[in-house]
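J.:
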Amino acid sequence: MSKKESRSAAQPQAFRDEPLASLRARRRWLAAAGALALAGCGGGGSSNDGPPPASVAPSLDIRGDVLGDARGVFTVTFFFSDAVLLPSGTLAFSLSGGSTEAGSFTRLNDRTFSVRIRPNASAQGLIDLRVPPGAYRDVDGRVSNTVTYVFTQPYDTLPPAVTLRFGGPVNALGFITGPGLVTLSFSGALDTALTSNPLTISPGSASAFTRTSAAGQPDVYTFQYTPPPNTTGVVGFDLPANSVRRNGIGNRDEFWNFGLATGP
Numbered sequence: 417m418s419k420k421e422s423r424s425a426a427q428p429q430a431f432r433d434e435p436l437a438s439l440r441a442r443r444r445w446l447a448a449a450g451a452l453a454l455a456g457c458g459g460g461g462s463s464n465d466g467p468p469p470a471s472v473a474p475s476l477d478i479r480g481d482v483l484g485d486a487r488g489v490f491t492v493t494f495f496f497s498d499a500v501l502l503p504s505g506t507l508a509f510s511l512s513g514g515s516t517e518a519g520s521f522t523r524l525n526d527r528t529f530s531v532r533i534r535p536n537a538s539a540q541g542l543i544d545l546r547v548p549p550g551a552y553r554d555v556d557g558r559v560s561n562t563v564t565y566v567f568t569q570p571y572d573t574l575p576p577a578v579t580l581r582f583g584g585p586v587n588a589l590g591f592i593t594g595p596g597l598v599t600l601s602f603s604g605a606l607d608t609a610l611t612s613n614p615l616t617i618s619p620g621s622a623s624a625f626t627r628t629s630a631a632g633q634p635d636v637y638t639f640q641y642t643p644p645p646n647t648t649g650v651v652g653f654d655l656p657a658n659s660v661r662r663n664g665i666g667n668r669d670e671f672w673n674f675g676l677a678t679g680p
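First residue of the sequence shown: 417, per my numbering; consecutive thereafter.
1. Going by DSSP, what residues sit across from G480 in a beta bridge?
2. Confirm, please, whether the CB-CB distance from G550 to N561 is below 8 Å.
3. To the nearest angstrom, how far is it from the Cα of P474 to the Cα of R546?
4. Select from V500, L501, F496, D654 the residue whose C-alpha is nearest the C-alpha of L580.
5. Where does L524 sit, in a helix, a strand or coil, going by DSSP?
6. One question on the structure: do Y552 and V500 come within less than 8 Å of each other, judged by their Cβ atoms?
7. Do G604 and R662 have their C-beta atoms closer together than 8 Å?
8. Taking just the CA atoms, how far does F494 sit from S515?
9. State the CB to CB distance for the pair V563 and F602, rounded to an integer number of angstroms; the pair is presumed to be in contact (CB under 8 Å).
10. Taking only three categories from DSSP, how would you classify A486?
11. Would you kindly report the start and end of the unbroken beta strand (DSSP E) that includes F625?
12. So, are the CB atoms of D575 and G666 less than 8 Å apart?
13. Output needed for W672: all residues of its chain with C-beta closer than 6 Å, excluding positions within five of it in sequence on either side, in chain order.
14. Quick one: grab the DSSP three-state call for A677.
15. What first and last residue would you give for the beta strand (DSSP E) that runs through Q695?
16. Helix, strand or coil: how does DSSP classify L610 here?
17. Q569 bridges to which residues according to DSSP?
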């Protein structure tokens, strides 16, 4: 056997003769080196797995279902750009110009919610709804909103205003002295046009009740008033409450008094 062959044959023998403890140490070293190489390549159970944590909370868009002035209860919907977590189970917000309908806050899905709002009665103005910072968090609870979101809605729940004017003869004191045309004017178009005189008149009588305004325009009516002869006193024209409605809102009780002097 040559010297070269002798050295080749001796190497396995030297490995076999290596102490058992040394073999185990060698295996541990190889395993550790492999793990380091794997981690350096981004493999295995790296902490970089999955999407990065959110840095900002989802944004919010608030919309109402009314065009123009709100006349009664309407719905406000909260549209989030992504799923959110509401810490108290409902969305915290401030509200002026109206009130929420009890139990109306509704979860439509993870990113959409709604609530019903009732404007203040017999008033006109602006509903102002504000969602403050910290009102909601991202779905993982990591970050909350840091800005205030604002929604406004004009409203008008005033009852229809009405005026009454007598166009007949009067004396120097403004007392009615004879028959004349009365004009009844409303602040807007009524829900249902009048077909008969809604007024209670005493004393005297009314006739020829006529609508003079065009459809869609503020309602205006005229009629002929005839006072009793030889009478001195007061005549009253009364429009009872809820005789007419505009946008579902009834009128207040309205009363007009005129002096009456039809004597000689």
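Yeah, the Cβ is synthetic: ideal placement off N, Cα and C, and Gly gets one too.
The structure displayed is predicted, hence computed values, not measured ones.
T.: Looking at the coordinates:
1. V492
2. yes
3. 16 Å
4. D654
5. strand
6. yes
7. yes
8. 17 Å
9. At roughly 44 Å, the Cβ-Cβ gap does not stay under 8 Å, so V563 and F602 are not in contact.
10. strand
11. 621-627
12. Per the sequence presented here, residue 575 reads as Pro, with Asp not at that position. Closer than 8 Å, so yes.
13. L580, F653
14. strand
15. The displayed coordinates of the chain run from 417 to 680. Any statement about residue 695 would go beyond what the structure contains.
16. coil
17. I543
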